[in-house]
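Data block below; observations after.
Structure below.
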């Protein structure tokens with residue numbers, strides 16, 4: 001056996017919570033915490049396997065890094081085909097990734113220093129349905145379904161062929177569900193929860209088969225995950241954290257009658273993860289003088305140790321400690337069965353390389369299928385078809401073909417350089433004796449507990465209580481349980497060499513001198529979720545001069561560098577608070593949007609008989625193109641290649657030509673000094689907010705006003721300490737205001753009033769399964785989407801947003817319905833067509849999921865309009881909405897409806913009417 005600790009596999013010293021090896025063994029994925037978001041990284045396996053590849057500069061180590069999750073990633077899982085990678089995290093989302101068809105790679109990782117992506121992976125589906133952190137996932141055999149579990153106490157079954165369609169939501173657990181695994185035969189799904197139970201679910205009808213509570217009643221502590229595992233022959237399920245007497249164990253549950261009288265023991269603290277080798281192994285064992293077939297299981301624990309068991313042996317194949325400084329959180333076997341990887345909360349991973357002599361030879365697919373047929377009669381690994389609805393409309397077949405194009409578009413990732421070990425196969429042994437029962441051997445230590453239960457203990461590992469002391473090496477004959485026990489590698493080698501013929505421990509070649517222990521983990525292994533960094537919102541559409549945002553939060557915005565200011569406050573009429581007063585304390589340089597020029601502001605630097613003067617200059621490096629002198633200090637400045645806007649302390653606003661420094665208009669008189677200055681180059685509109693709470697917007701192209709001195713007191717209300725966090729402008733020059741309390745408003749010119757278009761404190765928003773950021777990853781293009789931009793800002797910046805809020809299934813559907821209706825009305829008010837289309841189709845998907853045919857019918861009828869001539873005489877119908885054709889929208893809606901067989905009659909009804917209208921209109 002060979003052990004490697006590749007220290008270059010790292011999330012920048014952040015915790016790694018999940019690891020999974022690709023089915024072809026060419027790469028592996030890790031999931032965990034990033035700098036300010038959740039992170040998924042795909043790594044090349046070749047530098048891990050081969051030291052020669054590791055030192056080869058032409059052999060890449062990192063293949064792709066994805067920081068799309070808004071919060072920590074808790075689970076990453078490859079599909080059996082290897083075409084898809086699923087990731088789930090604390091942002092309640094599951095993202096499904098595939099390698100891009102077009103040539104990718106060579107692009108820098110966003111926000112990183114020197115990291116380059118070799119491959120390009122794209123998110124092909126985003127699954128929304130959980131109301132809390134997603135903790136674990138599992139693909140069913142043949143990739144029929146994807147199961148996910150969450151802190152919302154549920155397990156969701158997703159249709160892997162029609163994502164994001166939900167097949168079933170399994171409710172029954174009364175605590176956080178922390179692990180799921182599939183029966184390899186395809187008949188059962190099992191889940192383990194903090195409610196001290198394992199539940200077995202039937203895949204035929206998604207009903208509960210049984211509940212197992214007894215082994216977990218004495219479990220006092222909790223773990224971050226409870227990743228249980230099912231043996232590849234389907235005969236045994238091994239749980240995570242269980243107790244037998246006073247010792248932590250991994251409980252063995254038999255498929256036959258769900259008996260649970262055996263344990264894997266020896267770990268000092270709770271078992272966090274169990275992962276079976278997917279192969280049934282055949283090997284010749286000298287101690288028994290005959291060939292046997294067996295299963296191999298790896299176990300990880302909070303005591304930072306890993307043990308590997310072969311069910312034909314009476315003791316672990318090996319057990320190892322001191323590789324990690326934090327609990328083991330996930331394990332993964334390669335499809336060959338000779339490679340094992342583990343990850344820990346300390347942000348590192350470990351790699352174990354076995355030989356066929358140590359583990360055995362894997363049965364072929366045909367041999368495994370014959371075993372399944374002998375045990376179960378017929379393999380159900382392909383899954384069960386629960387649909388018994390006949391398709392009445394042939395057009396639905398073509399719609400379903402379109403739905404499957406996503407899977408056809410997914411291509412196999414290009415395999416990086418891998419140097420797999422070459423192993424000479426031994427001659428075929430005589431017919432084997434099947435021994436798949438764990439610890440089913442001639443000699444073992446069997447004891448009875450006080451309640452009569454059997455306890456199977458390996459001979460060399462005594463049953464020990466969980467005293468909470470530090471880890472102790474496995475297998476030591478002189479093992480003590482004192483917290484002062486020395487845990488050195490030298491003491492640990494003896495039992496390992498005793499079990500294996502060869503063993504070597506290797507650290508990463510390029511980091512041999514580096515410290516093995518990483519920086520402190522930023523997330524505790526407990527039921528309470530610690531705080532994590534949130535992504536910062538970058539405003540790139542409007543350039544602003546802002547006294548509230550500190551300089552370091554705006555340096556990432558290439559369109560704007562604020563002038564350093566000291567803020568004082570002036571009361572606002574009708575409001576108990578105040579807005580900051582811009583008062584320049586030093587000089588600064590402001591970049592000109594769209595060019596390399598810079599506006600240099602030098603406040604109060606020129607002396608004159610009548611007072612100090614302020615000078616501004618347009619410079620390009622050392623060259624000065626023009627300069628201008630003001631008699632008052634400059635407190636705000638924004639500019640593009642055509643227009644320069646300057647607000648001065650004497651309550652004047654100057655509109656100037658950037659190219660020559662001349663005034664385009666005489667200075668505008670403001671009611672009070674400026675508090676914020678925002679310029680939108682796309683619409684050429686300027687917004688100014690004064691300290692007395694008056695906002696004005698001008699169209700500089702037409703030299704006219706859009707809004708004049710409108711008070712923001714109605715949006716501030718009577719709460720103390722509320723201030724304006726950010727101001728935006730739409731393409732039409734409509735002002736959008738985000739407040740520090742997590743609310744957002746727009747000013748309606750038609751209604752001459754402020755409209756609330758976002759509120760992260762609203763219980764409706766908190767209980768909705770959709771979020772303000774749902775549209776972020778689905779609306780493409782360069783156009784600024786005002787509603788998404790504003791709502792994403794308040795959701796990412798507001799301190800009132802709860803980190804982890806679990807909605808109830810009684811309130812979530814009506815709240816989601818109300819939330820979607822609010823989004824549609826906000827899109828209409830902002831005249832944002834692309835966003836309206838997205839939220840309309842999202843609403844259709846929600847109504848389809850909940851079987852609300854009345855809502856679907858109303859949507860279709862409104863988009864269809866009058867279907868005969870008399871209807872047009874009684875009601876005026878506009879064929880467009882927000883410059884979008886209603887009939888084209890109806891086609892998109894019908895495509896969503898047609899994908900669900902149970903809604904085929906509604907599809908046929910409106911499709912026929914739409915076709916008839918198109919023929920009548922000559923389309």
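Residue numbers (full-length UniProt numbering): 1 to 923. A virtual CB, placed ideally from N, CA and C, is assigned to each residue, including glycine. Bear in mind the structure is a predicted one, so any value in this text is a computation, not a measurement.
For this session: Helix, strand or coil for residue 215, going by three-state DSSP, please let me know.
Result: As a position in the chain shown, residue 215 is number 215, starting the count at 1. Helix, per DSSP.
For this session: Kindly indicate which three-state DSSP category residue 236 falls into: helix, strand or coil?
Result: Stepping through the chain shown from its first residue, residue 236 is reached at position 236. Three-state result, residue 236: strand.
Problem set entry | Alpha-carbon spacing of residue 133 relative to residue 191, whole angstroms | Numbered from its first residue, the chain shown carries residue 133 at position 133. Numbered from its first residue, the chain shown carries residue 191 at position 191. Cα to Cα, the separation comes out at about 16 Å.
Exercise. Who does residue 674 pair with in a DSSP beta bridge?
Worked result: Within the chain shown, the letter at position 674 stands for residue 674. Under DSSP, residue 674 takes part in a beta bridge, and its partners are 690.
Exercise. From 852, 84, 906, 797, pick the residue whose C-alpha is nearest to that of residue 924; which is it?
Worked result: Residue coverage of the chain in this structure runs from 1 to 923, which leaves residue 924 outside it and unanswerable.
For this session: Quick one: give me the first and last residue of the beta strand (DSSP E) that residue 290 is part of.
Result: Locating residue 290 in the chain shown gives position 290, counting from the first residue. Start and end: 290 to 294.
Exercise. Under the rule that 16 or more other beta-carbon atoms within 10 Å means buried, what is residue 609, buried or exposed?
Worked result: Your numbering for residue 609 matches position 609 in the chain shown. Exposed, because fewer than 16 other Cβ atoms sit within 10 Å of the Cβ of residue 609.
Exercise. Given that a residue counts as buried once 16 or more other Cβ atoms are within 10 Å of its Cβ, and exposed if not, what is residue 612?
Worked result: As a first step, residue 612 must be located in the chain shown, where it is residue number 612. Around the Cβ of residue 612, a 10 Å sphere holds fewer than 16 other Cβ atoms; the residue is exposed.
Exercise. How many Å lie between residue 267 and residue 314 at the Cα?
Worked result: Translated into the one-based positions of the chain shown, residue 267 becomes position 267. Translated into the one-based positions of the chain shown, residue 314 becomes position 314. The C-alpha of residue 267 lies about 16 Å from the C-alpha of residue 314.
Problem set entry | Simplified DSSP assignment, three categories, for residue 467 | As a first step, residue 467 must be located in the chain shown, where it is residue number 467. With a pLDDT of only 36 at residue 467, under the threshold of 50, the placement of this residue in the model should not be trusted, and no figure is reported.
Exercise. Between which two residues does the beta strand (DSSP E) carrying residue 122 extend?
Worked result: Sequence index remark: in the chain shown, residue 122 carries index 122 (1-based). Looking at the DSSP string, the run of the beta strand (DSSP E) that includes residue 122 is 121 to 128.
For this session: Give the DSSP-derived three-state secondary structure of residue 620 in the structure shown.
Result: The count along the chain shown starts at 1 and reaches residue 620 at position 620. In this structure, DSSP gives residue 620 an extended state, which the three-state scheme calls strand.
Problem set entry | C-beta atoms of residue 757 and residue 826 nearer than 8 Å | As a first step, residue 757 must be located in the chain shown, where it is residue number 757. As a first step, residue 826 must be located in the chain shown, where it is residue number 826. The answer is yes: Cβ separation under 8 Å.
Problem set entry | Other residues of its chain near residue 210: CB distance less than 6 Å, five sequence neighbours each side excluded | Against the chain shown, residue 210 aligns to sequence position 210. The residues are 200, 258.
Exercise. Along the chain, where does the alpha helix (DSSP H) that runs through residue 821 open and close?
Worked result: What you label residue 821 is simply residue 821 of the chain shown in a count that begins at 1. Per DSSP, residue 821 belongs to the alpha helix (DSSP H) from 812 to 830.
Problem set entry | Sequence-distant residues of its chain with Cβ nearer than 7 Å to residue 664 (five each side left out) | Along the chain shown, one-based indexing puts residue 664 at 664. Same-chain partners within the cutoff: 655, 656, 657.
For this session: May I ask which residues mark the beginning and end of the beta strand (DSSP E) holding residue 147?
Result: Working through the chain shown from its first residue, we reach residue 147 at position 147. It spans 145 to 150 - the beta strand (DSSP E) in which residue 147 sits, taken as one unbroken run.
For this session: Take the Cβ of residue 1 as the centre, count every other Cβ of all protein chains shown within 10 Å, and call the residue buried at 16 or more, exposed below.
Result: Taking the chain shown and counting its residues from 1, the one referred to as residue 1 is at position 1. Burial of residue 1 is indicated by the presence of at least 16 other C-beta atoms within 10 angstroms of its C-beta.
For this session: Return yes when the Cβ of residue 597 is within less than 8 Å of the Cβ of residue 614, no when it is not.
Result: If you number the chain shown from 1, residue 614 lands on position 614. If you number the chain shown from 1, residue 597 lands on position 597. Not in contact: residue 614 and residue 597 (Cβ atoms no closer than 8 Å).
For this session: Identify whether residue 770 lies in helix, strand or coil by the three-state DSSP scheme.
Result: As a working mapping, residue 770 is identified with position 770 in the chain shown. In the structure shown, residue 770 sits in coil (DSSP, three-state: anything other than H, G, I, E or B).
For this session: With residue 846 as the anchor, note down where its alpha helix (DSSP H) starts and where it stops.
Result: For the purposes of this step, residue 846 is taken as residue 846 along the chain shown, with counting starting at 1. Note, residue 846: alpha helix (DSSP H), 833 to 849.
Problem set entry | Those runs of the beta strand (DSSP E) which lie wholly inside the stretch 289 to 353 and span at least 3 residues | DSSP assignment within the stretch 289 to 353 yields the following whole beta strand (DSSP E) runs of 3 residues or more, N-terminal first: 290 to 294, 296 to 301, 306 to 310, 318 to 320, 328 to 333, 339 to 344, 349 to 353.
Problem set entry | For residue 187, the nearest candidate out of 733, 159, 26, 234 (CA to CA) | Residue 187 sits at position 187 when you count from the first residue of the chain shown. Of 733, 159, 26, 234, the smallest CA-CA separation from residue 187 is found for 234.
For this session: Would you mind stating whether residue 544 and residue 677 have Cβ atoms separated by less than 8 Å?
Result: Start at 1 with the first residue of the chain shown, and residue 544 comes out as number 544. Start at 1 with the first residue of the chain shown, and residue 677 comes out as number 677. In this structure, residue 544 lies near residue 677, with their beta-carbon atoms less than 8 Å apart.
For this session: With a cut-off of 8 Å on the beta carbons, I'd call residue 100 and residue 121 a contact; round off their distance for me.
Result: Within the chain shown, the letter at position 100 stands for residue 100. Within the chain shown, the letter at position 121 stands for residue 121. The pair is a contact, with the Cβ atoms about 7 Å apart (cut-off 8 Å).
Exercise. Considering residue 713, what are the terminal residues of the alpha helix (DSSP H) in which it resides?
Worked result: Residue 713 sits at position 713 when you count from the first residue of the chain shown. Taken as a continuous stretch (DSSP letters only), the alpha helix (DSSP H) holding residue 713 covers 713 to 716.
Exercise. Cα separation between residue 176 and residue 156?
Worked result: Within the chain shown, the letter at position 176 stands for residue 176. Within the chain shown, the letter at position 156 stands for residue 156. So the alpha carbons of these two residues sit roughly 13 Å apart.
Exercise. Can you tell which of 878, 837, 879 has its C-alpha closest to the C-alpha of residue 896?
Worked result: By one-based count along the chain shown, residue 896 stands at place 896. For the residues 878, 837, 879, the minimum Cα distance to residue 896 belongs to 837.
Exercise. DSSP state of residue 915, grouped into three classes?
Worked result: Stepping through the chain shown from its first residue, residue 915 is reached at position 915. Correct three-state label for residue 915: helix.
Problem set entry | CB of residue 940 within 8 Å of CB of residue 28, strictly | Any answer about residue 940 is impossible in this case: the structure gives the chain only from 1 up to 923.
Exercise. Does the distance from the C-beta atom of residue 216 to that of residue 250 stay below 8 Å?
Worked result: Counting from one through the chain shown, the residue named residue 216 turns up at place 216. Counting from one through the chain shown, the residue named residue 250 turns up at place 250. Against a cut-off of 8 Å, the Cβ pair of residue 250 and residue 216 comes out as no contact.
For this session: Have a look at the DSSP bridge pairing and note the partners of residue 704.
Result: By one-based count along the chain shown, residue 704 stands at place 704. Beta-bridge pairing links residue 704 to 699.
Exercise. Are the Cβ atoms of residue 351 and residue 185 separated by less than 8 Å?
Worked result: Taking the first residue of the chain shown as position 1, residue 351 is located at position 351. Taking the first residue of the chain shown as position 1, residue 185 is located at position 185. No, they are not a contact pair.
Problem set entry | Where residue 100 sits in the DSSP three-state scheme | Along the chain shown, read from residue 1 onward, the residue named residue 100 stands at position 100. Correct three-state label for residue 100: coil.
For this session: Within the same chain, show all residues whose beta-carbon is closer than 8 Å to that of residue 652, passing over the 5 residues directly before and after it, in chain order.
Result: Counted from its first residue, the chain shown places residue 652 at position 652. Within the same chain, 632, 667, 668, 669, 670 come within 8 Å of residue 652 by CB-CB distance, once the 5 residues on both sides are set aside.
For this session: Closer than 8 Å by C-beta to residue 196: which residues in its own chain qualify, once you throw out the five before and the five after it? Chain order, please.
Result: The count along the chain shown starts at 1 and reaches residue 196 at position 196. These residues qualify, in order along the chain: 175, 213, 216, 217, 219.
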